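Chains as they are written, first to last, in our numbering: chain P, 223 to 395; chain U, 223 to 395; chain B, 223 to 395. For each residue, glycine too, the CB sits at the ideal point set by N, CA and C. These numbers were taken from a predicted model, which means no experiment stands behind them.
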Amino acid sequence: MKIEEKLTKMGIELPNLEDLYRANKSGAKYVSHHAIGSVLYLSGCTPTKDGKPFLPGLLGKDLSVEEGYAAARHTMICYLGMIKYVLGDLDRVKTFLHMVGYVNSSEGFSEQPRVVNGAVDLLVEVYGNRGMPTRAAIGCRGLASNHSVELILTLEFDGKKTSEPLARDKFNN
Amino acid sequence: MKIEEKLTKMGIELPNLEDLYRANKSGAKYVSHHAIGSVLYLSGCTPTKDGKPFLPGLLGKDLSVEEGYAAARHTMICYLGMIKYVLGDLDRVKTFLHMVGYVNSSEGFSEQPRVVNGAVDLLVEVYGNRGMPTRAAIGCRGLASNHSVELILTLEFDGKKTSEPLARDKFNN
Amino acid sequence: MKIEEKLTKMGIELPNLEDLYRANKSGAKYVSHHAIGSVLYLSGCTPTKDGKPFLPGLLGKDLSVEEGYAAARHTMICYLGMIKYVLGDLDRVKTFLHMVGYVNSSEGFSEQPRVVNGAVDLLVEVYGNRGMPTRAAIGCRGLASNHSVELILTLEFDGKKTSEPLARDKFNN
Chain P
223 MKIEEKLTKM
233 GIELPNLEDL
243 YRANKSGAKY
253 VSHHAIGSVL
263 YLSGCTPTKD
273 GKPFLPGLLG
283 KDLSVEEGYA
293 AARHTMICYL
303 GMIKYVLGDL
313 DRVKTFLHMV
323 GYVNSSEGFS
333 EQPRVVNGAV
343 DLLVEVYGNR
353 GMPTRAAIGC
363 RGLASNHSVE
373 LILTLEFDGK
383 KTSEPLARDK
393 FNN
Chain U
223 MKIEEKLTKM
233 GIELPNLEDL
243 YRANKSGAKY
253 VSHHAIGSVL
263 YLSGCTPTKD
273 GKPFLPGLLG
283 KDLSVEEGYA
293 AARHTMICYL
303 GMIKYVLGDL
313 DRVKTFLHMV
323 GYVNSSEGFS
333 EQPRVVNGAV
343 DLLVEVYGNR
353 GMPTRAAIGC
363 RGLASNHSVE
373 LILTLEFDGK
383 KTSEPLARDK
393 FNN
Chain B
223 MKIEEKLTKM
233 GIELPNLEDL
243 YRANKSGAKY
253 VSHHAIGSVL
263 YLSGCTPTKD
273 GKPFLPGLLG
283 KDLSVEEGYA
293 AARHTMICYL
303 GMIKYVLGDL
313 DRVKTFLHMV
323 GYVNSSEGFS
333 EQPRVVNGAV
343 DLLVEVYGNR
353 GMPTRAAIGC
363 RGLASNHSVE
373 LILTLEFDGK
383 KTSEPLARDK
393 FNN
């Protein structure tokens, strides 16, 4: 079964990258991706839902581990929307080479890995074992728009043509 | 027009990497770069001016967003000085594959992207559209010498010969 | 002399990756490594000793720079244990392309580089000059199990066969 069919069966609808960019009020300047050989560098991704940050705030103060997990899972849904823009077909991903998960943390919070698991669990549900990345989970102090989670992914793909890198700041309003 | 001519016209003088290293009192041990194929890994870079940290301190407490933007812009000027050491000619850069911007943040600060834009704006002024990297902007807690910004860049270059990696700690005093 | 002989002469015993995984109570889901060409992406590594976090806590509050240095050195010992699992032979490492050191920091701590030097010094003792990575040292807010240091390494190796990526969460108990 195709990756996107699986997502549909799970009731997951991928957001459109342009809609994500329009909802993102950070004012940030960057492009979606750059490919070199079969390595795909991607910009970081935060969780946006219905045009605004999903479950923003600090872990350990504003949010529980379960809420952070849900935010990380939703971040990966947004990331798959970005990857769909870049590759057209999510089956073109070969390996999730590396993921760093930054968790917006209050003083003393040390459950960053359980938060970031929300993103990995979704990948494994959809891609099976090849969805498991190498990774690190890091507590940070502050993210754009008070987001609770930001992920940075680096992928191996089939090395063929990608879409044109899309500049986020064209969608500032 | 060559990249360095543009910088000169803009009144920007690139610092010399050895001078940057001499000014850097962090005691850190690392080399400037390692190349593999046409990917260039670079050590992180902080803003140094006249032999000391430029606009040090925490965003949202010691520094405004505009000051952080200026610090990020200056960090990129220092980085271009480093890249000039590595490649000899700044036109040899093909793509700014990835940049992570760490912003030394006070509690509750969430404008990291507007700070990091200072670095990207300079790249786009000089390189045009190909200056736009994929990126993430992350709030951190503490940087060497109380610097306000640290950038980590990964580049695509022409894949030809680079200078010998330069070890920073040879310049400790 | 082989790298492992040097370590033995220095009285350093490399931990076994499965033992490290068993001791790690973070609940994190990831695999040890993914290789593409001769680039090896590795999961982040924290310092574990005798089945628990070694020198946990915040730099500048719970730990001195010297203790942080010792934690970073031990993190690299654990990382070499991981790399031994992946490559079988530590001499197969060609270049330490990049290392980011995250230092769990208290308010106002800005000696992150001197902490991370603990990891680099060990690499240089063992590998000589080719042990020196490109790097950055970043203050963070919170790490799994209150660890004081986490490192992320990316390597160049001989590009030949690696062990099967090992999933950490199989060792949850």
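DSSP three-state assignment for U:A250, whether helix, strand or coil: coil
Relative to the alpha-carbon of P:D284, which residue among P:C362, P:I360, P:S328 and P:V261 has its alpha-carbon at the smallest distance? P:S328
Does the contact criterion of 3 or more C-beta pairs under 8 Å hold for the segment 232-244 of chain B versus the segment 337-355 of chain U? no
Minimum Cβ-Cβ distance from U:I374 to chain B less than 8 Å: yes
Counting only runs that start and end within the segment 330-377 of chain U, where is the alpha helix (DSSP H) found for 4 or more residues in a row? 334-349
Considering only their Cβ atoms, is the gap separating P:V253 from P:A389 smaller than 8 Å? yes
Taking only the alpha-carbon atoms, compute the straight-line gap between U:K382 and U:H256 and give it to the nearest angstrom. 13 Å
On the DSSP bridge assignment, give the partners of B:K191 in chain order. An answer regarding residue 191 of chain B cannot be provided, because it is not within the stretch 223 to 395 covered by chain B.
Of all the CB atoms in chain B, is at least one closer than 8 Å to the CB of P:C300? no
U:K382, enclosing alpha helix (DSSP H) - first and last residue: Premise fails: U:K382 is in no alpha helix (DSSP H) and is neither H nor E.
Contacting residues, own chain, Cβ-Cβ under 7 Å from U:C362 (five flanking each side not counted): Y324, V325, N326 and S327
Does the CB of P:P355 have a neighbour CB from chain B at under 8 Å? yes
Quick one, which of U:I374, U:C300 and U:K271 has its alpha-carbon nearest B:A359's? U:I374
Quick one: measure Cβ to Cβ for B:T230 and B:T268, integer angstroms, because I've assumed they're closer than 8 Å. In fact, because the Cβ distance is near 24 Å, the residues do not count as touching under 8 Å.
Give a yes or no on contact between the segment 259-278 of chain B and the segment 289-308 of chain B, applying the rule of three or more CB pairs nearer than 8 Å. yes
Cutting at 8 Å between CB atoms, please list the residues of its own chain near P:Y349, excluding the five before and the five after it. I225, V315 and F318
So what does DSSP say about B:L236, is it helix, strand or coil? coil
From the DSSP output, which residues share a beta bridge with P:V322? P:A358 and P:I374
Can you tell me where the alpha helix (DSSP H) with P:A292 in it begins and where it stops? V287 to L309
Are there 16 or more other CB atoms within 10 angstroms of the CB of U:S332, so buried, or fewer, so exposed? buried
Cβ neighbour criterion (16 or more within 10 Å) applied to B:S286: exposed
Kindly list, in the order they appear in chain U, the residues whose Cβ is closer than 7 Å to that of B:R363. R363
For B:F331, decide whether its Cβ has a neighbour in chain U, counting only Cβ atoms nearer than 8 Å. yes
Hey, quick one: how far does the alpha helix (DSSP H) through P:L229 stretch, first residue to last? I225 to K231
So what does DSSP say about P:L262, is it helix, strand or coil? strand
What would DSSP say about U:L312, mapped onto helix, strand or coil? helix
Beta carbon proximity, B:Y243 to chain P, threshold 8 Å: no
Would you call the CB atoms of B:S370 and B:A293 closer than 8 Å? yes
Less than 8 Å between the CB atoms is what I'm expecting for U:K251 and B:M354, so what's the real figure, rounded? 7 Å
Just list the residues that DSSP pairs P:A389 with in beta bridges. P:V253
Measure from the C-beta of B:P278 to each C-beta in chain U and report whether the shortest distance is under 8 Å. no
Starting from U:L281, follow its DSSP beta bridges and name the residues at the other end. U:L285 and U:S327
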